[in-house]
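Residue numbers (my numbering): 268 to 410.
Here's what the structure looks like:
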């Protein structure tokens, strides 16, 4: 997938208005949005891993009514399934962070999160971005 270290300055997840976690699948993706206080703003929602689904995601994110630069989007680095979505979000100015699946798995294990569904994974990715700032700051870059 895309190299997350290609841009210039490190990202501090606590400086964003919203954090979005996206679980990527070959056909369906799920996303969840959190505020700085870790409360859920948009509950986990499925969308197609295709242009129509990307438009649905974009509509939901635009309803947050903040500049794209104030939204940090985290995705697991999963083969090529997320490439088009990554490029779609990048072209619209969203700040992106690729997480290794092992990181989110360890994050979930440490918190006793055992159930594994796409929607729960999206929530876990968002929480991992928000709660593990030191770890994430070295992996995310401003686009």
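Built from N, CA and C at the ideal position, the CB exists for glycine as well.
Shown here for residue 336: same chain residues with a beta carbon closer than 7 Å to its own, the five before and five after excluded, namely 360 and 362 in chain order. For residue 391, the enclosing alpha helix (DSSP H) has its first and last residue at 385 to 398. For residue 304, the three-state secondary structure derived from DSSP is coil. The C-beta of residue 350 has fewer than 16 other C-beta atoms within 10 Å across all chains shown, which makes the residue exposed.
Assignment of residue 353 by DSSP, reduced to helix, strand and coil, places it in the helix class. The Cβ neighbour count for residue 379, taken over all protein chains shown within 10 Å, is under 16; the residue is labelled exposed.
Within the DSSP secondary-structure output, residue 289 pairs in a beta bridge with 298 and 342. For the pair residue 304 and residue 385, the CB atoms are not nearer than the 7 Å cut-off.
In this chain, the alpha helix (DSSP H) harbouring residue 373 covers 368 to 377. According to DSSP, residue 313 shares a beta bridge with 297.
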